[in-house]
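J.: Structure incoming, see below.
See below:
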């Protein structure tokens, strides 16, 4: 990258050139995972700390594999087993971690802005692995990598994001990143789950499933999170599936070569029918594979040999 | 092995030649764990995923050491910390894991047949580390390795398995494996804990402790699992110890050089008296040491340099 | 070290020469953590087991980084996920672990003396990472390393330890180690939380904060443990902070270049005011950094190339 960055806290403020560099690097590192010996010595002797205040197996495993395939050493702290946090401020915890000389902290936290707080107090590199309802930038990047692989470009594509927009850090990072790359993003979901002034993010708001999907190149379904189901703002699962679930019939309104995405794990029959999930338009498992590649790229760019 | 296999889902269907090959390989790899530098580069760059839906420290640690001594990279997912499983089908979880390009998944699951389900849907190698009450093939193999070391052979030996036969995947894998290798297996335990038609597995059912142990070369005691104690079919601990616990007096009925085994952890004073557990006939700790060797052998044979 | 030791179970009985050797080794290994490639191959192929019956992220992470920077292989067992312990005696658990051929077990246990019990039954090296209210020798060593770095020596210094002396294994290891090294240790805390016959440990008991701090070279504050707050012997947090908390005003009574320490995590406003924690006298983060160095030194000395 022309101006080397230290952190990835969000896609806000990341330029199109930087995103392109990250995706290009991911593309070139992806091949390592298909070798018989899936390991290069690039990050030997680097210390990567997984610091997860929220449970996450999927994202954490993806980061761990990325780190190990680049030969970094990894240690994991999790909120449930963590005595780091007993009575201690987040800043003190960060300073303590820093004293152990990590090269990179990968942080997930239920509080929006937590990784930014860390970054203001410690010099080591930080990757935001999801902060509250704010951003999940590596998910945004892996989604963009997946779209670029299928469509050959991001610029000018129509991407529809459907579901609980309000609480989705996946939606936010995708909206920001896709806008930066020149895609044309629209959103649809329960009215109660659209953030106020959502248009100010630079998206169109669709009035119906049909409007959302017409002429879409990409349909990105958001996960229904169990913890939202008790929320008065949330429809019943059955109503949700009927009104906001994706079926084959909807896809007929989209572009012929429409691509369907989902950040996983899928609730089959809720966000989409099994036919949609398993159909030729689905790139859900490509997203997972690209997750490892994008995370390898970020580790490489942030703390690799060319980072300083 | 003559026809290289991809998985080890159970000892059912594994030939005597294959079992011999696995045990021979374990024998030759065992020496690595006694070196000052307990590590060979054989599986460098291979990714081994420990995927445990049931808690297990003992088996998991054994597999982890086996993987690390062969230089494989390991990541662990466990049900308790796993968000992989939220609302997701087991098959979707498997496909997601597969997308991260592991070479081998080591799986424990409370549902009999779960590893077989995985194996039908994903191409990576799978080792069953215990599925429900079905099989625990690496335990069967390490037990056979231990017996072969002590007795010089398996063929023609009289092996008595004593305890809760119904719920024991250890018993099942041993019965199948020992039968394949030509041993003569008999079982004994509470009547309520003998599976119906147990003779169809190719074993004798003994009518008393004495009958079970007379002329035995090997007595294998099964662990009393705490979760069974609430079961109406299970005797009280005290009654169990009196009627099914192994004492020195019993061993006098066995062959002079009788060998006593237990998969661990022992409930001292329940399955056997301390004198039995610590006596010269006990090979319980050899079983543990052989566990690492057998697992190294399987990793080597399934994903090592000669596997493809 | 002149007579190589196998274990570090406590600072009791460790000579001044040995402590000096450990601190000197830590000093020379510390530099590794500031290299771009923080890794040396010294312990390649050694197996280090973290066996923690009490939760600990801070100490465990420090040991893990120490092991990884020396290229050892690590596996972790914790009480919460451990099936090693179901119904099994600690000695049986130890013998089982030993059968897997570890080189070193790092053990934390709520029972004072647990690591000593292990050491009597198994031949592999053991480091006590905190046993009940008994000792936490690596904390004592990292504290002494930190003092020696700041003051240039330990001999003849006045060190005041303030807080819950009764329940603090940190206090105990420091008292023993500092006495061995010729420092002059005094303690102060709630009367109910001073062990009876505390003078027999070779310390002065101060009658007031002022008396404790007058002319002190080093003030070491102990952590208030949440679990003690329900104890009738423990004052309220507010009373504790007023009577036993360290403020800037207290430090004016100490030596001009006084050093303030705390084992972490700090309860700001309880054991000390934020001004004290963040002031020029604080070496709290140096303690953390030295923790990794001291643990690297112990791994090196106990199981490294010169250990046998």
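Protein chains in written order, with the working numbering: chain A, 5 to 312; chain B, 5 to 312; chain C, 5 to 312. Where a beta carbon is used, it is the ideal one built from N, C-alpha and C, also for glycine. In this text the structure is predicted, and so the values were computed from the model without any measurement.
So, are the CB atoms of residue 151 of chain A and residue 192 of chain A less than 7 Å apart?
T.: Your numbering for residue 151 of chain A matches position 147 in the first chain. Your numbering for residue 192 of chain A matches position 188 in the first chain. No, the Cβ-Cβ distance between residue 151 of chain A and residue 192 of chain A is not below 7 Å.
J.: Along the chain, where does the beta strand (DSSP E) that runs through residue 11 of chain B open and close?
T.: In the second chain, residue 11 of chain B corresponds to position 7, counting from 1. Element bounds for residue 11 of chain B: n/a, residue is neither H nor E.
J.: In this structure, how does DSSP classify residue 195 of chain A when only helix, strand and coil are distinguished?
T.: Translated into positions along the first chain, residue 195 of chain A becomes position 191. In this structure, residue 195 of chain A counts as helix in the three-state DSSP scheme.
J.: I want to see whether chain B comes within less than 7 Å of residue 271 of chain A, judged by CB atoms only; does it?
T.: Looking up residue 271 of chain A in the first chain gives position 267. Yes, because at least one Cβ of chain B sits closer than 7 Å to the Cβ of residue 271 of chain A.
J.: Who are the neighbours of residue 51 of chain B on chain A, taking C-beta pairs under 7 Å?
T.: Within the second chain, the letter at position 47 stands for residue 51 of chain B. Result: 42, 69.
J.: If you reduce the DSSP assignment to three classes, tell me which class residue 133 of chain A lands in.
T.: Along the first chain, read from residue 1 onward, the residue named residue 133 of chain A stands at position 129. Of the three classes helix, strand and coil, the one that applies to residue 133 of chain A here is strand, per DSSP.
J.: Just how far apart, CA to CA, sit residue 160 of chain A and residue 20 of chain A?
T.: The residue labelled residue 160 of chain A in the question sits at position 156 within the first chain. The residue labelled residue 20 of chain A in the question sits at position 16 within the first chain. Cα to Cα, residue 160 of chain A sits roughly 14 Å from residue 20 of chain A.
J.: Quick one: using the 10 Å Cβ neighbour count with 16 as the cut-off for buried, is residue 254 of chain B buried or exposed?
T.: Taking the first residue of the second chain as position 1, residue 254 of chain B is located at position 250. Classification for residue 254 of chain B: buried.
J.: Helix, strand or coil: which one does DSSP assign to residue 179 of chain C?
T.: One-based indexing of the third chain puts residue 179 of chain C at position 175. In the structure shown, residue 179 of chain C sits in a helix (DSSP, three-state: H, G or I).
J.: Using a beta-carbon distance below 7 Å, is residue 296 of chain C in contact with chain A?
T.: Along the third chain, read from residue 1 onward, the residue named residue 296 of chain C stands at position 292. It does: the Cβ of residue 296 of chain C has a partner Cβ on chain A nearer than 7 Å.
J.: Kindly indicate if chain B contains any beta-carbon less than 7 Å away from that of residue 264 of chain A.
T.: Here residue 264 of chain A refers to the residue found at position 260 of the first chain. So, not an interface residue.
J.: State the Cα-Cα distance for the pair residue 28 of chain A and residue 307 of chain A, rounded to the nearest angstrom.
T.: Translated into the one-based positions of the first chain, residue 28 of chain A becomes position 24. Translated into the one-based positions of the first chain, residue 307 of chain A becomes position 303. Rounded to the nearest angstrom, the two C-alpha atoms are 17 Å apart.
J.: With DSSP collapsed to three states, give me the class of residue 148 of chain C.
T.: Walking along the third chain from the start, residue 148 of chain C turns up at place 144. Looking at residue 148 of chain C - three-state DSSP - the assignment turns out to be helix.
J.: Determine the DSSP secondary structure at residue 35 of chain C, reduced to helix, strand or coil.
T.: The sequence position of residue 35 of chain C within the third chain is 31, counting from 1. DSSP places residue 35 of chain C in helix when its eight states are reduced to three.
J.: Excluding the five sequence neighbours on either side, which residues of its own chain have a C-beta within less than 6 Å of the C-beta of residue 52 of chain B, listed in chain order?
T.: Locating residue 52 of chain B in the second chain gives position 48, counting from the first residue. Only 71, 76, 78, 108 meet the Cβ criterion.
J.: Taking only beta-carbon positions, decide if residue 310 of chain C is within less than 7 Å of chain B.
T.: What you label residue 310 of chain C is simply residue 306 of the third chain in a count that begins at 1. No - not a single Cβ of chain B is within 7 Å of the one on residue 310 of chain C.
J.: Determine the closest residue to residue 295 of chain C out of C:15, C:30, C:9, with distance taken between C-alpha atoms.
T.: Here residue 295 of chain C corresponds to residue number 291 of the third chain, with the count starting at 1. If we check each option's Cα against that of residue 295 of chain C, C:30 comes out closest.
J.: Where residue 162 of chain A and residue 103 of chain B are concerned, what is the direct C-alpha to C-alpha distance, given to the nearest angstrom?
T.: Within the first chain, residue 162 of chain A is the residue found at index 158, counting from 1. Within the second chain, residue 103 of chain B is the residue found at index 99, counting from 1. CA-to-CA, the gap between residue 162 of chain A and residue 103 of chain B works out to about 27 Å.
J.: Quick one, are the C-beta atoms of residue 332 of chain B and residue 112 of chain B less than 7 Å apart?
T.: Given a span of 5 to 312 for chain B in the structure shown, any question on residue 332 of chain B remains unanswerable.
J.: Measure the CB-CB distance between residue 224 of chain C and residue 265 of chain C and report whether it falls below 7 Å.
T.: By 1-based counting over the third chain, the position of residue 224 of chain C is 220. By 1-based counting over the third chain, the position of residue 265 of chain C is 261. It is a contact, given that the beta carbons lie within the stated cut-off.
J.: How many angstroms separate the CA atom of residue 6 of chain C from the CA atom of residue 14 of chain C?
T.: Within the third chain, the letter at position 2 stands for residue 6 of chain C. Within the third chain, the letter at position 10 stands for residue 14 of chain C. Any reading at residue 6 of chain C must be qualified, since the residue scores a pLDDT of 43, below 50, and its modelled position is unreliable; no value is offered.
J.: Less than 7 Å between CB atoms is the rule here; does residue 92 of chain C satisfy it with respect to chain B?
T.: Within the third chain, residue 92 of chain C is the residue found at index 88, counting from 1. So yes, residue 92 of chain C belongs to the interface.
J.: Give a yes or no on whether 7 Å exceeds the smallest Cβ distance from residue 121 of chain A to chain C.
T.: Your numbering for residue 121 of chain A matches position 117 in the first chain. So, not an interface residue.
J.: Taking Cβ to Cβ, would you say residue 129 of chain C is nearer than 7 Å to residue 10 of chain C?
T.: Taking the first residue of the third chain as position 1, residue 129 of chain C is located at position 125. Taking the first residue of the third chain as position 1, residue 10 of chain C is located at position 6. With respect to the 7 Å criterion, residue 129 of chain C and residue 10 of chain C are classified as neighbours on the basis of their beta carbons.
J.: Using only CA atoms, which one of B:309, B:302, B:56, B:310 lies nearest to residue 144 of chain B?
T.: Reading the second chain from its first residue, position 140 is the one you call residue 144 of chain B. Nearest C-alpha to residue 144 of chain B: B:302.
J.: Taking only the alpha-carbon atoms, compute the straight-line gap between residue 123 of chain B and residue 169 of chain A and give it to the nearest angstrom.
T.: By 1-based counting over the second chain, the position of residue 123 of chain B is 119. By 1-based counting over the first chain, the position of residue 169 of chain A is 165. Whole-angstrom Cα-Cα distance: 37 Å.
J.: Please name the residues in the region 13-28 of chain B whose beta-carbon is closer than 9 Å to at least one beta-carbon of chain A, in chain order.
T.: Correct list: empty, as no residue qualifies.
J.: Residue range of the beta strand (DSSP E) that residue 114 of chain C falls in?
T.: By one-based count along the third chain, residue 114 of chain C stands at place 110. From DSSP, residue 114 of chain C is part of no beta strand (DSSP E); its letter is neither H nor E.
J.: For a cutoff of 7 Å on Cβ pairs, would you count residue 289 of chain B as touching chain C?
T.: Start at 1 with the first residue of the second chain, and residue 289 of chain B comes out as number 285. Answer yes: the Cβ-Cβ gap between residue 289 of chain B and chain C drops below 7 Å somewhere.
J.: Of the residues C:44, C:100, C:48, C:80, which one's Cα is nearest the Cα of residue 292 of chain B?
T.: As a first step, residue 292 of chain B is located in the second chain; it is residue number 288 there, counting from the start. The shortest Cα separation from residue 292 of chain B among C:44, C:100, C:48, C:80 belongs to C:100.
J.: Find the nearest neighbour of residue 80 of chain B within the set A:98, A:74, A:95, A:61, judged by alpha-carbon distance.
T.: Taking the first residue of the second chain as 1, we reach residue 80 of chain B at position 76. Ranking A:98, A:74, A:95, A:61 by Cα distance to residue 80 of chain B puts A:61 first.
J.: Roughly how far, in whole angstroms, is the beta-carbon of residue 190 of chain B from the beta-carbon of residue 164 of chain B, given that I think they are within contact range, below 8 Å?
T.: Within the second chain, residue 190 of chain B is the residue found at index 186, counting from 1. Within the second chain, residue 164 of chain B is the residue found at index 160, counting from 1. Indeed they touch by this definition, with Cβ atoms about 5 Å apart.
J.: Work out the CA separation of residue 283 of chain C and residue 259 of chain C for me, nearest whole Å.
T.: Within the third chain, the letter at position 255 stands for residue 259 of chain C. Within the third chain, the letter at position 279 stands for residue 283 of chain C. One C-alpha to the other measures close to 15 Å.
J.: 7 Å is my cut-off, CB to CB: does residue 286 of chain A come that close to chain B?
T.: Numbered from its first residue, the first chain carries residue 286 of chain A at position 282. False, the Cβ-Cβ gap to chain B never drops below 7 Å.
J.: Out of curiosity, what's the CA-to-CA distance linking residue 66 of chain C and residue 134 of chain C?
T.: Reading the third chain from its first residue, position 62 is the one you call residue 66 of chain C. Reading the third chain from its first residue, position 130 is the one you call residue 134 of chain C. Going by the C-alpha atoms only, they are around 13 Å apart.
J.: Which residues in the same chain as residue 249 of chain A place their Cβ atom closer than 8 Å to its Cβ, once the five residues preceding and following it in sequence are excluded?
T.: On the first chain, position 245 is the one that residue 249 of chain A refers to. Sequence-distant partners of residue 249 of chain A (beyond 5 residues in either direction) whose C-beta falls short of 8 Å from its own C-beta, in its chain, are 273, 274, 275, 276, 277.
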